[in-house]
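Below is one structure, written out as structure tokens; comments come after it.
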Amino acid sequence: MSNTTPLVKGFFDKRTFSIQYVVADPESRKCAIIDPVLDFDEKSGSTATHNADAILDYVREQGFEVEWILDTHPHADHFSAARYLKEKTGAPTAIGEKVVEVQKLWKGFYNWPDFPADGSQWDKLFAEGETFTVGTIPARVLFSPGHTLASITYVIGDAAFVHDTLFMPDSGTARADFPGGSATRLWQSIQEILALPDQTRIFTGHDYQPGGREPRWESTVAEQKAANTHMSKCATEAEYVEVREARDRTLPMPKLILHALQVNMNGGRLPEPEANGKRYLKFPLDVLEGANWG
18 MSNTTPLVKG FFDKRTFSIQ YVVADPESRK CAIIDPVLDF DEKSGSTATH NADAILDYVR
78 EQGFEVEWIL DTHPHADHFS AARYLKEKTG APTAIGEKVV EVQKLWKGFY NWPDFPADGS
138 QWDKLFAEGE TFTVGTIPAR VLFSPGHTLA SITYVIGDAA FVHDTLFMPD SGTARADFPG
198 GSATRLWQSI QEILALPDQT RIFTGHDYQP GGREPRWEST VAEQKAANTH MSKCATEAEY
258 VEVREARDRT LPMPKLILHA LQVNMNGGRL PEPEANGKRY LKFPLDVLEG ANWG
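Under this note's numbering, the first residue of the sequence shown is numbered 18, with each subsequent residue one higher.
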């Protein structure tokens, strides 16, 4: 395993401010796709595969072989394209093993007593600290709860894919007020990420373009320590929790949370067609009690 610097290509989705990644080993030309987006327009109810197809075009142009399709957690603001990409590439899908805790929680919200909350919707459930490879590049899994019960970080060579833990330094950290979230646990997860070597590249999963700047998604551990608007100002866990919880009380729920979780906790599978050939989302009312209306 001589090479520990993967090639990383980010794909920014303007509709959801999400960044999807292709992480490739330049020696073997094998790659992983991380947190791909399935396009969804909530106004018309339309789905599309523009983002996922752009990723496939890039993979094909570069001559890569897709070895993994990886989710960091079940997302609350967009649909996952993991299932679609598996159908197109044959590559296995994976997520952290704590996804079963999210499934158990949300199957109750959706009143799905028969939903299999066992993680079987993915080909692989990663345990805390488990190792794997992308081509010849070593990779490992950090359990990073706080934003959700199931969030993980993929450390692939010198690159860490942290999604909803750390944003770019000028944007701080992710919210921790979703069902099962915890600002205390998020602080602890971030401490583990910031304990990685200073030169580790940090790739975040969202960028909301503060001040209207161009989207950005790459930083380093050193930059996060020095300049992150939350982590550089909060010296203790108690300070951070106070700041994070105060901020979260002002935030409305993501507009797609109730649309997206039923798809994403099912491995990116859309609901099965009904007798008329159409698919229908289930939308529970009054389950997110106390949510800020915004």
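Idealized CB from N, CA, C, for every residue including glycine.
Every candidate alpha helix (DSSP H) stretch fails here, since none sits fully inside the region 30-55 while reaching 4 residues. Remark: C-beta atoms of Ile169 and Ile154 do not approach each other more closely than 8 Å. Nearest in C-alpha terms to Ser61, of all of Phe220, Val151, Leu298, is Leu298. Restricted to the region 51-90, the beta strand (DSSP E) segments that are unbroken, complete and at least 3 residues in length are 54-58, 63-65, 82-87, listed in chain order. When the five nearest sequence neighbours on each side are left out, the beta carbons in the same chain lying within less than 7 Å of the beta carbon of Ile207 are those of Thr182, Leu183, Thr190, Met248, in order along the chain. Contact check for Cys48 against Val40 passes: the beta carbons are separated by less than 8 Å. The continuous beta strand (DSSP E) containing Glu235 extends over residues 235-237. Boundaries of the beta strand (DSSP E) harbouring Leu159: 154-160, taken from the DSSP string.
In the three-state scheme derived from DSSP, where H, G and I count as helix and E and B as strand, Asn281 is classed as helix.
As far as DSSP is concerned, Thr106 takes part in no beta bridge. Counting only runs of 3 or more residues that sit fully inside the region 149-234, the beta strand (DSSP E) segments are 154-160, 169-173, 176-180, 218-221, in chain order. Annotation: Arg261 to Ser63 spans about 35 Å, alpha carbon to alpha carbon. Considering only Val151, Gly80, His92, Val280, the residue with the shortest C-alpha distance to Thr21 is Val151. Boundaries of the beta strand (DSSP E) harbouring Lys141: 141-143, taken from the DSSP string.
Val25 sits in a strand when the DSSP states are folded into three classes.
For His180 and Glu235, the gap between their C-alpha atoms comes out near 11 Å.
Contact between Ala134 and Lys124 holds: CB atoms are separated by about 5 Å, below the 8 Å threshold. About 26 Å separates the beta carbons of Glu104 and Ala144, which is beyond the 8 Å limit, so they are not a contact pair. Annotation for Asp215: Thr237, Val238, Ala239, Lys242 place their beta carbon closer than 8 Å to its own, counting only its chain and skipping 5 residues before and after. The region 266-286 makes no contact with the region 65-84: fewer than 3 CB pairs, one atom from each, lie closer than 8 Å. For Gly163, same chain residues with a beta-carbon under 6 Å away, outside a window of 5 residues either side, are Ala193, Ser199, Arg202, Leu203, Ser206 in chain order. Contact between the region 289-297 and the region 221-229 is absent: fewer than three C-beta pairs spanning the two stretches fall below 8 Å. Taking 8 Å as the cut-off, the Cβ atoms of Thr246 and Ser188 count as close. Taking all protein chains shown into account, Ser137 has fewer than 16 neighbouring C-beta atoms within 10 Å of its C-beta and is therefore exposed. Classified as buried, Asn283 has 16 or more neighbouring CB atoms from the shown chains inside 10 Å of its CB.
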